[in-house]
Amino acid sequence: MEIILKEDVVNLGYKNDIVNVKSGYGRNYLIPTGKAVIASPSAKKMLAEELKQRAHKLEKIKKDAEAMAAKLEGVSLTIATKVSSTGTIFGSVGNIQIAEALAKLGHEVDRKIIVVKDTVKEIGNYKAIVKLHKEVSVEVPFEVVAE
Numbered sequence: 035m036e037i038i039l040k041e042d043v044v045n046l047g048y049k050n051d052i053v054n055v056k057s058g059y060g061r062n063y064l065i066p067t068g069k070a071v072i073a074s075p076s077a078k079k080m081l082a083e084e085l086k087q088r089a090h091k092l093e094k095i096k097k098d099a100e101a102m103a104a105k106l107e108g109v110s111l112t113i114a115t116k117v118s119s120t121g122t123i124f125g126s127v128g129n130i131q132i133a134e135a136l137a138k139l140g141h142e143v144d145r146k147i148i149v150v151k152d153t154v155k156e157i158g159n160y161k162a163i164v165k166l167h168k169e170v171s172v173e174v175p176f177e178v179v180a181e
């Protein structure tokens, strides 16, 4: 089933992308929640016209994302957390803690756009990816230390 996304959907696509999904996922989740519409020929024409009109705005959004990426380029974080005697973290470090650490440094980043590939359960050095735009992402190194 071919659909047009009306907002960014994690692991599927970005706003105004035309993607193929299984019928059940499209009809039972994406369309009823307003995240997508069926990609009919008329909907595709409307999308093309809308994209043509919004090209200038999209370019500004991309430039803002690139400026934010330049600010985040040299940033490295240190996150202090409670640790057992063996070096294992109580719980784990995720995107929420990384967003809070970035906020302390003056970089307001939504936690939903931060991706941590590995599960962080021990002290050490890790990397998180901040996806600012579909074409702009920044890798932010962070170190987990004992409190």
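Residue numbering for the sequence shown follows the numbering used here, beginning at 35 and increasing consecutively.
Idealized CB from N, CA, C, for every residue including glycine.
This structure is a prediction, so every number in the text was calculated from the model and none was measured.
- When the Cα atoms are used, V55 and S76 turn out to be separated by approximately 19 Å.
- Distance check between Q131 and each of V178, I52, A99 places V178 closest, using alpha-carbon atoms only.
- Residues of the same chain with a CB within less than 6 Å of the CB of H167, apart from the 5 flanking positions on each side, are K96, A99 in chain order.
- If you look at A70, you'll find it in the beta strand (DSSP E) that goes 70–72.
- Secondary structure of N159 (DSSP, three-state): strand.
- With fewer than 16 other CB atoms across the displayed protein chains lying within 10 angstroms of its CB, Y63 is exposed.
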